Structures are given as structure tokens and as C-alpha cells.
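Participant:
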Amino acid sequence: MLERKQLKDRTYITFVLPADTPPGPVSVVGDFNDWQPGTHSLAPREDGTRAVTVALPGKSVHSFRYLAADDHWFDDEHADSHDGINSRVHT
Numbered sequence: 020m021l022e023r024k025q026l027k028d029r030t031y032i033t034f035v036l037p038a039d040t041p042p043g044p045v046s047v048v049g050d051f052n053d054w055q056p057g058t059h060s061l062a063p064r065e066d067g068t069r070a071v072t073v074a075l076p077g078k079s080v081h082s083f084r085y086l087a088a089d090d091h092w093f094d095d096e097h098a099d100s101h102d103g104i105n106s107r108v109h110t
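In our numbering, the protein residues as written are 20 to 110.
#1: Helix, strand or coil: how does DSSP classify ALA98 here?
#2: Along the beta strand (DSSP E) that carries TRP92, what are the first and last residues, could you check?
#3: Can the beta-carbon of GLY49 be found less than 8 Å from the beta-carbon of PHE93?
#4: Say whether the region 66 to 80 touches the region 31 to 49, bearing in mind that this needs 3 or more beta-carbon pairs closer than 8 Å, one atom from each stretch.
#5: Kindly give me the distance between the Cβ atoms of LEU18 and PRO56, rounded to whole angstroms, as I take these residues to be in contact under 8 Å.
#6: Across which residues does DSSP place GLU22 in a beta bridge pair?
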């Protein structure tokens with residue numbers, strides 16, 4: 020799931036997943052962090068989910084995927100769109 024907060028020329032996107040699905044550490048990896056795993060790792064929240072927030076330029080489109088333990092890549096079914104293999108977020 021994606022949560023959004025617009026502030027001036029930036030959009031803060033919070034990437035949210037259930038706390039234990041998939042198990043183990045998960046990071047969001049995309050063109051906004053040069054596809055570097057571990058740069059934006061999801062952390063537990065009090066509501067039973069885990070999340071990470073990334074500030075992105077307004078009026079832009081970004082590709083991303085999630086990377087879990089054991090090199091398990093997966094998409095966000097709630098993304099704004101998909102471009103084949105990647106999820107997409109529109110700010």
C-alpha cells in the first residue's frame with residue numbers, strides 16, 4: 020500500500036507492507052535510490068505494519084520493487100501502475 024503526503028514541490032510516499040508478509044527484512048528499491056537494496060528498509064510500526072517514507076519530486080513517475088530475504092523480489096499490487104516487471108508510483 021502507498022500513503023502520500025504532498026508538501027510544496029515534494030511528495031512523501033510511504034511504502035507499507037504487513038509486518039510479517041513476507042517474513043524477514045524488506046527494502047523498497049527503485050530508480051529514486053539507484054536500485055540499491057537496503058537504502059530504504061521498512062521498519063515496524065505500532066499498527067502491525069512496516070513502512071518506510073521516501074521524499075520524491077512532485078509531478079514525477081518512479082519505478083520500484085520490494086526486495087525481501089533470500090533475494091525475493093516482488094511488486095506492490097496497490098501501485099499506481101506497472102511497467103512490465105516494475106511497480107510505478109506517480110507523485
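We put the beta carbon where it would ideally sit given N, CA and C, even for glycine. Bear in mind the structure is a predicted one, so any value in this text is a computation, not a measurement.
Facilitator: If we stick to the structure as given:
#1: coil
#2: 91 to 93
#3: no
#4: yes
#5: Coverage of the chain is limited to positions 20 through 110, which leaves residue 18 absent and any answer about it impossible.
#6: THR33
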